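Taking this note's numbering, the leading residue of the sequence shown gets -15, the next gets one more, and so forth.
Think of the CB as a built atom: it goes at the ideal place given N, C-alpha and C, for glycine as much as any other residue.
Remember, predicted model here, so these are calculated numbers, not experimental data.
Notes follow once the structure below has been shown.
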Amino acid sequence: MSQIIDPLKIGRRTVLSPAVQNEVELHDDHPCASCAVRERALCGVLDADDLASYRRLGWTLRLKRGQTIFHEGDPATRVFTVTGGTVKLYTLLPDGRRQVTGFMFPGDFLGISLDEEHAVSAEALDDVQLCWFPRNRFGKFVDQHPVMERQLYCLAAHELAAARQQMVLLGRKTALERVATFFIQLLERSERVGAGGKGCFDLPMGRSDIADYLGLTKETVSRVLGQLRDLRMIRLVTLDRIMVLDRTGLGLLADGAGQA
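Shown next, in the form of structure tokens:
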């Protein structure tokens, strides 16, 4: 039976934000066999026996929208796999401005850091579920399972490529091209995981989050959404769901080859 547990009483130091330490649900049950994201998660490379060993290392964590998983500067003592919901990563500049550095979706791995502290903050954008593992125990497990080490290498290479693409987006692309690129990325991800329906994707992040991710203002994001709608490239099904009507045209815009 699931129950609310104070993380401070479970015998392992928590890295969760103090504001939510008494509100999260921590569970020691891991329904790996029925996990919808197992095949695309880090643990998807493990066989049944190794998965059972891996499962015993960690816990399941559930948070509500707006709750913080960890803050920038918190000790990086745990790692996470997102199994449900969407997580926003962000950093605060010295003058208080916010830069959203990424979004994590079901199947994504979170929390690896070269330093002893987290370089960004992580916040639940909606109801989120994660599997979490103590960093030291996770590290020992990876050392003993080369197949998982190779998968981590692939994840790191993918993140490096994504970071390079984001540099190009922020440095050279127009507002219209940035939003088009972002929407193509969300659509492709939705298609890979079989979510959203044909030509549709969910938009769990708000306009301000999109703006802070793309280096734009909230007003510019709203204006560009109107442009894409007027061009009949997208349709706003709801505030958090979009249908792509002209994928080819949207892709050309994202590549800087389309006509606005």
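CA-CA distance, Leu98 and Ala164?
32 angstroms
Buried or exposed: where does Gly57 fall if 16 or more other Cβ atoms within 10 Å of its Cβ makes it buried?
exposed
Counting only the same chain and skipping the five closest in sequence on each side, list residues whose C-beta sits under 7 angstroms from that of Ser192.
Lys202
Spatial neighbours of Gln135 within its chain, please: C-beta separation below 7 angstroms, excluding the five flanking residues on both sides.
Leu26 and Val29
Quick one: Cα of Glu100 to Cα of His55, how far?
13 angstroms
Determine the direct distance from the alpha carbon of Val177 to that of Thr222, and round the result to whole angstroms.
21 angstroms
Is Lys182 helix, strand or coil when you go by DSSP?
coil
If we ignore side chains and look at the alpha-carbon of each, how far apart do Val228 and Gln211 end up?
13 angstroms
Thinking C-alpha only, which one of Val21, Asn120 and Ala195 is nearest Gly68?
Val21
Around the C-beta of Glu107, are 16 or more other C-beta atoms found within 10 angstroms, so that it is buried, or is it exposed?
buried
Below 8 angstroms between beta carbons: does that hold for Thr52 and Asp110?
No.
Using a Cβ-Cβ cut-off of 8 angstroms (strictly less than) and excluding sequence neighbours within five positions of Asp196, which residues of its own chain qualify?
Tyr74, Arg82, Gln83 and Val84
Give me the Cα-Cα distance between Arg213 and Gly235, rounded to the nearest whole angstrom.
15 angstroms
Please go through the same chain and pick out, in chain order, the residues whose beta-carbon is closer than 6 angstroms to the beta-carbon of Phe122, but skip the five residues on each side of it.
Once the five neighbours on either side are set aside, the close Cβ partners of Phe122 are Val63.
What residue does the beta strand (DSSP E) around Ser105 start on, and which one ends it?
Ser105 to Ala108
With 16 other CB atoms within 10 Å as the buried threshold, where does Gly50 fall?
exposed
Can you grab the Cα-Cα spacing for the pair Glu175 / Lys157, in whole Å?
A direct Cα-to-Cα measurement between Glu175 and Lys157 gives close to 25 angstroms.
Relative to the alpha-carbon of Asp230, which residue among Phe167, Ser206 and Thr204 has its alpha-carbon at the smallest distance?
Checked all of Phe167, Ser206 and Thr204; the closest Cα to Asp230 is Phe167.
According to DSSP, is Cys19 part of a helix, a strand, or is it coil?
coil
I'd like to confirm the pairing. Which residues does DSSP put opposite Tyr74 in its beta bridges?
Val84 and Ser105
Where Asn120 and Val126 are concerned, what is the direct C-alpha to C-alpha distance, given to the nearest angstrom?
10 angstroms
Name, in chain order, the residues that DSSP records as bridge partners for Phe117.
Partner(s): Val63.
How would you write the range of the alpha helix (DSSP H) that Arg40 sits in, first residue to last?
Counting along the chain, Arg40 falls outside any alpha helix (DSSP H), and DSSP gives it neither H nor E.
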